[in-house]
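Residue numbers (this note's numbering), protein chains in the order written: chain A, 12 to 203; chain B, 1088 to 1316.
Notes follow once the structure below has been shown.
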């Protein structure tokens, strides 16, 4: 699909927005989904819609079309984390934790949703969106894909090599470069 | 070479893919060279970051997933409130009241359709993994399917021919059964809907994770089921 016309969106052109919703939807939905799916799957779609509503309010601050998707994802992520914290706090306040207990992900890594020690927890929406945009620009294929294969899908080196058509021996090299780039882009805040 | 070996071992341990021998080898390397402990801790922090950022990056780049039609009106209202939304072309603006009336009429029809909603379609799931469960993840994957479609039957196949037979036989049974096939090797989920004539299908990539693909498949099934009413 053609990229949305930012100027038209900023002046409230409904036809431009109608064309932009399906393009923006996967970013907002996906970001809400990764946070909420294990705990509050029924809320994913609503949070994604709310994120797009908030994006409408912020669209006049944007300088380029490329900022739209990272901002949509960033808003959805923040809303999802806030919702989880709110529900956790409520459950704790009521002395009930059974339905939102800490659980593990598909690979068995235990984690608590919206935890304060999350590397992304204290990034403002705009800052998160900027770093997301920067990561997308810097992690050229296949770096981003290989990081996803390993850390998101839990694939082994051999499986990644087959999937991406690279030598097994170079998977580690790509991972190392990818992690170094991530550290450069996202690490500043942690170290400050 | 040692650096490479250290990094690869560290990654395997972090991803819980290491054998006991590899874990012991990493421990020994760190014990022998204390500077590696700092690097090990840094890699663990990097991995934590990657696990949080990778899904967001994948979401930001994603193009799949259908925008729910019901959200359009709500979002249009927001555009009008926040930006004073306008439509191109004066004719549309002049006939806005008629568009509004049509919208209200459509909403009434939609409500009536929802009120007469029939039972959800029967869903059957097949998991095809010709290489066998390489990571012991089949239980998790099955669970994702049953979480999404609580009443679905889930069967596992390791031979494509058996899967073909399953699809063919059950689709010819005359029942309105929706088939879902998860092809592990191809990294895709295929939904086959029973049509009045030839069944039609749509494929969803698991690139962003199986759970997301299932959400997309579910949305697709609901939309198609509603269309058919």
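We treat Cβ as the ideally placed atom computed from N, Cα and C, and that holds for glycine.
Quick caveat, the model's predicted, so the values are computed rather than measured.
Bridge-paired residues (DSSP) for residue i
{"i": "residue 1243 of chain B", "result": "B:1214"}
{"i": "residue 177 of chain A", "result": "Paired residue(s): none; residue 177 of chain A is not in a bridge."}
{"i": "residue 1233 of chain B", "result": "Bridge partners of residue 1233 of chain B: none, in fact."}
{"i": "residue 1268 of chain B", "result": "B:1213, B:1277"}
{"i": "residue 1289 of chain B", "result": "B:1278"}
Closer than 8 angstroms to chain A by CB, residue i
{"i": "residue 1215 of chain B", "result": "no"}
{"i": "residue 1138 of chain B", "result": "yes"}
{"i": "residue 1145 of chain B", "result": "yes"}
{"i": "residue 1289 of chain B", "result": "no"}
{"i": "residue 1239 of chain B", "result": "no"}
Proximity test, Cβ basis, 8 angstroms: residue i and chain B
{"i": "residue 94 of chain A", "result": "no"}
{"i": "residue 62 of chain A", "result": "no"}
{"i": "residue 45 of chain A", "result": "yes"}
{"i": "residue 8 of chain A", "result": "No answer is possible for residue 8 of chain A: the residues shown for chain A start at 12 and end at 203."}
{"i": "residue 84 of chain A", "result": "yes"}
{"i": "residue 1 of chain A", "result": "Since the first residue of chain A shown is 12 and the last is 203, residue 1 of chain A is not available in this structure."}
{"i": "residue 103 of chain A", "result": "no"}
{"i": "residue 134 of chain A", "result": "no"}
{"i": "residue 194 of chain A", "result": "yes"}
{"i": "residue 112 of chain A", "result": "Caution is warranted here: a pLDDT of 42 is assigned to residue 112 of chain A, below 50, making its placement in the model unreliable, and the coordinate value is therefore given only provisionally. Not closer than 8 angstroms to any Cβ of chain B, the Cβ of residue 112 of chain A fails to qualify, so no."}
{"i": "residue 13 of chain A", "result": "no"}
{"i": "residue 51 of chain A", "result": "no"}
Same chain only: Cβ atoms within 7 angstroms of residue i, ignoring 5 sequence neighbours per side
{"i": "residue 58 of chain A", "result": "43, 47, 87, 90, 91, 94"}
{"i": "residue 1300 of chain B", "result": "1276, 1291, 1292, 1293"}
{"i": "residue 1235 of chain B", "result": "1301, 1305"}
{"i": "residue 1296 of chain B", "result": "none"}
{"i": "residue 119 of chain A", "result": "Reliability of the predicted coordinates at residue 119 of chain A is poor, the pLDDT of 43 falling under 50, and the value obtained from them is presented with this limitation in mind. Here the set comprises nothing."}
{"i": "residue 26 of chain A", "result": "none"}
{"i": "residue 172 of chain A", "result": "178, 179, 182"}
Close-in-space but distant-in-sequence residues of the same chain around residue i (CB under 8 angstroms, 5 per side omitted)
{"i": "residue 1254 of chain B", "result": "1213, 1266, 1268, 1279"}
{"i": "residue 1114 of chain B", "result": "none"}
{"i": "residue 1177 of chain B", "result": "Summary for residue 1177 of chain B: the model assigns pLDDT 40, below 50, so the residue's position carries little reliability; its value from the coordinates is reported in the next sentence. There are no such residues."}
{"i": "residue 1307 of chain B", "result": "1153, 1278, 1289, 1291"}
{"i": "residue 1130 of chain B", "result": "1094, 1097, 1098, 1101"}
{"i": "residue 174 of chain A", "result": "160, 166"}
{"i": "residue 32 of chain A", "result": "63"}
6 angstroms Cβ shell around residue i - same chain, five flanking residues per side excluded
{"i": "residue 1107 of chain B", "result": "none"}
{"i": "residue 136 of chain A", "result": "85, 86, 89"}
{"i": "residue 1232 of chain B", "result": "1212, 1241"}
{"i": "residue 21 of chain A", "result": "70, 71"}
{"i": "residue 1204 of chain B", "result": "Only weak support is given to the placement of residue 1204 of chain B: the predicted model assigns it a pLDDT of 47, under 50, and the question is left unresolved by the model."}
- [ ] Counting only runs of 4+ residues fully inside the region 18 to 100 of chain A, write out the alpha helix (DSSP H) ranges in chain order.
- [x] Counting only runs of 4 or more, we get 25 to 47, 55 to 69.
Task: Short-range partners of chain B found in the region 146 to 163 of chain A, where Cβ spacing is below 8 angstroms - done: Flagged, chain order: 146, 147, 150, 155, 158, 159, 161, 162, 163.
TODO: Name, going along the chain, the residues of the region 64 to 80 of chain A whose beta-carbon falls closer than 7 angstroms to a beta-carbon of chain B.
DONE: Within the region 64 to 80 of chain A, contact with chain B at the beta-carbon level (separation under 7 angstroms) is assigned to 64, 67, 68, 80.
- [ ] Check distances from the C-beta atoms of the region 16 to 43 of chain A to those of chain B and list, in chain order, the residues that come in under 9 angstroms.
- [x] Listed by position along the chain: 19, 20, 21, 22, 23, 24, 25, 26, 27, 28, 29, 32, 33, 34, 35, 36, 37, 38, 39, 40, 41, 42, 43.
- [ ] Check each residue of the region 1148 to 1173 of chain B: if its Cβ is closer than 8 angstroms to any Cβ of chain A, include it; give the result in chain order.
- [x] The residues in question are 1148, 1149, 1150, 1151, 1152, 1153, 1154, 1155, 1158, 1159, 1161, 1162, 1163, 1165, 1166, 1167, 1169, 1170, 1171, 1172, 1173.
Task: Interface positions of the region 1297 to 1312 of chain B facing chain A (Cβ-Cβ less than 7 angstroms), listed along the chain - done: In summary, the residues of the region 1297 to 1312 of chain B whose CB is separated from some CB of chain A by less than 7 angstroms are 1298, 1299, 1302, in the order they occur in the chain.
Open item on the list: Short of 7 angstroms Cβ to Cβ, which residues in the region 1090 to 1121 of chain B face chain A?
Closed with: Going along the region 1090 to 1121 of chain B in chain order, one finds 1091, 1094, 1095, 1098, 1102, 1103, 1104 with a Cβ nearer than 7 angstroms to chain A.
Task: chain B contacts from the region 165 to 187 of chain A (Cβ-Cβ distance under 7 angstroms) - done: Those residues of the region 165 to 187 of chain A that come within reach of chain B (Cβ to Cβ, closer than 7 angstroms) are 165, 167, 183, 186, 187.
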